[in-house]
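J.: Read left to right, the sequence shown gives residues 16 to 170 (the working numbering). All residues carry an ideal CB built from backbone N, CA and C; glycine is no exception. Values in this document were obtained by computation on a predicted structure and should not be read as measured data.
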Amino acid sequence: MDALQLEKVYELFSAGIGAHSDMSLKFVSTEENRVVLEMPFQEKHATAHENGSLHPGALAAALDSACGFVVLQSLAVPQAIATINLRIDHIHPAPVGTDVRIQAECYQQTNEFAYVSAFASSLDGKTMLCNAQGIFKIGSPGPALDRSLLYRRGD
Numbered sequence: 016m017d018a019l020q021l022e023k024v025y026e027l028f029s030a031g032i033g034a035h036s037d038m039s040l041k042f043v044s045t046e047e048n049r050v051v052l053e054m055p056f057q058e059k060h061a062t063a064h065e066n067g068s069l070h071p072g073a074l075a076a077a078l079d080s081a082c083g084f085v086v087l088q089s090l091a092v093p094q095a096i097a098t099i100n101l102r103i104d105h106i107h108p109a110p111v112g113t114d115v116r117i118q119a120e121c122y123q124q125t126n127e128f129a130y131v132s133a134f135a136s137s138l139d140g141k142t143m144l145c146n147a148q149g150i151f152k153i154g155s156p157g158p159a160l161d162r163s164l165l166y167r168r169g170d
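As structure tokens, then:
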């Protein structure tokens, strides 16, 4: 997938998934089968506890989005995907009021499944927040992806 197609996939992904846009995830970089996103701290995603750190559920949703995006990026032809399993090990709460960096990798793919790993950390990389392992179904039932949207220029 070339850079323009990848940008279009990210735009479609961001617009089509409510949780993704609600979290204001920002695309940072990509390499072959890897993606880096950042999630800015937002008060609405903080825990109700006194410390006000990022809620683990918001972090889980962001990890799922990053893993889904890296799967889409790794596909030769964009198609619908679905999370089958996403196991998250929470290691450390997010520091209060700080942004989070999420790195995801699609390390194996078959005709039907994609296998991913990911981790979230503080932006400086000094605090590991959690890691994740997941499986995504490729070609899952769902809305058809209009592939022609990937080839429009000048939107």
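For ILE150, collect the residues of the same chain with a Cβ closer than 7 Å to its Cβ; drop the 5 residues on either side in sequence, then sort them by chain order.
T.: Position 135 of the sequence shown, counted from the first residue, corresponds to residue 150. Excluding positions up to five away in sequence, the list reads ILE99, ASN100, PHE128, TYR130.
J.: Let me make sure I understand the geometry here. Which of ASP114, ASP139, MET143 has the alpha-carbon closest to that of ALA61?
T.: Numbered from 1 along the sequence shown, position 46 holds the residue referred to as residue 61. The shortest C-alpha separation from ALA61 is found at ASP114.
J.: Excluding five sequence neighbours on each side, which residues of the same chain lie with their C-beta closer than 6 Å to the C-beta of HIS105?
T.: Along the sequence shown, read from residue 1 onward, the residue named residue 105 stands at position 90. If we look at HIS105 and ignore the five residues flanking it on each side, its Cβ neighbours are PRO71, CYS145.
J.: With a 10 Å radius around its C-beta and 16 neighbouring C-beta atoms as the bar for buried, classify MET143 as buried or exposed.
T.: Here the question's residue 143 lines up with position 128 in the sequence shown. MET143 comes out exposed.
J.: Just list the residues that DSSP pairs ASN100 with in beta bridges.
T.: The residue given as residue 100 occupies position 85 in the sequence shown. Answer is ILE150, bridged to ASN100.
J.: With C-beta atoms as the reference, is LEU40 less than 8 Å away from ALA77?
T.: Locating residue 40 in the sequence shown gives position 25, counting from the first residue. Locating residue 77 in the sequence shown gives position 62, counting from the first residue. Result yes, Cβ atoms of LEU40 and ALA77 sit closer than 8 Å.
J.: Looking only at its chain, what residues have a beta carbon closer than 6 Å to the beta carbon of ARG116, apart from the 5 residues adjacent to it on each side?
T.: To locate residue 116, count along the sequence shown from 1; it is residue 101. For ARG116, where only same-chain residues beyond five positions count, the Cβ hits under 6 Å are GLU53, SER136, LEU138.
J.: Would the beta-carbon of ALA91 fall within 8 Å of that of LYS152?
T.: Within the sequence shown, residue 91 is the residue found at index 76, counting from 1. Within the sequence shown, residue 152 is the residue found at index 137, counting from 1. Contact flag unset, no.
J.: In three-state DSSP terms, what is LEU87?
T.: For the purposes of this step, residue 87 is taken as the residue at position 72 of the sequence shown. In this structure, LEU87 counts as helix in the three-state DSSP scheme.
J.: If you draw a straight line from the alpha carbon of ASN48 to that of SER89, how long is it in whole angstroms?
T.: Position 33 of the sequence shown, counted from the first residue, corresponds to residue 48. Position 74 of the sequence shown, counted from the first residue, corresponds to residue 89. Taking the straight line from one Cα to the other gives about 5 Å.
J.: Looking only at its own chain, which residues have a Cβ that is under 6 Å from the Cβ of CYS121, when we skip the five neighbours before and after it?
T.: On the sequence shown, residue 121 is found 106 positions in, with the first residue counted as 1. If we look at CYS121 and ignore the five residues flanking it on each side, its Cβ neighbours are ASN48, VAL85, VAL86, SER89, ALA129, VAL131.
J.: What residues are listed by DSSP as bridge partners for MET54?
T.: Within the sequence shown, the letter at position 39 stands for residue 54. Paired residue(s): VAL115.
J.: Is it true that the CB of MET38 sits closer than 8 Å to the CB of ALA75?
T.: Stepping through the sequence shown from its first residue, residue 75 is reached at position 60. Stepping through the sequence shown from its first residue, residue 38 is reached at position 23. Their beta carbons are not under 8 Å apart, which means ALA75 does not touch MET38 by this criterion.
J.: Name the two residues that bound the continuous beta strand (DSSP E) containing LYS41.
T.: Translated into positions along the sequence shown, residue 41 becomes position 26. Segment 41 to 46, the beta strand (DSSP E) holding LYS41.
J.: Which of helix, strand or coil does DSSP assign to GLU120?
T.: Mapped onto the sequence shown, residue 120 falls at position 105. Of the three classes helix, strand and coil, the one that applies to GLU120 here is strand, per DSSP.
J.: Report all residues from its chain with a CB closer than 8 Å to the CB of ASN66; omit the five preceding and five following residues, and keep chain order.
T.: The count along the sequence shown starts at 1 and reaches residue 66 at position 51. Excluding sequence neighbours, ASN66 sits near PRO108, VAL111.
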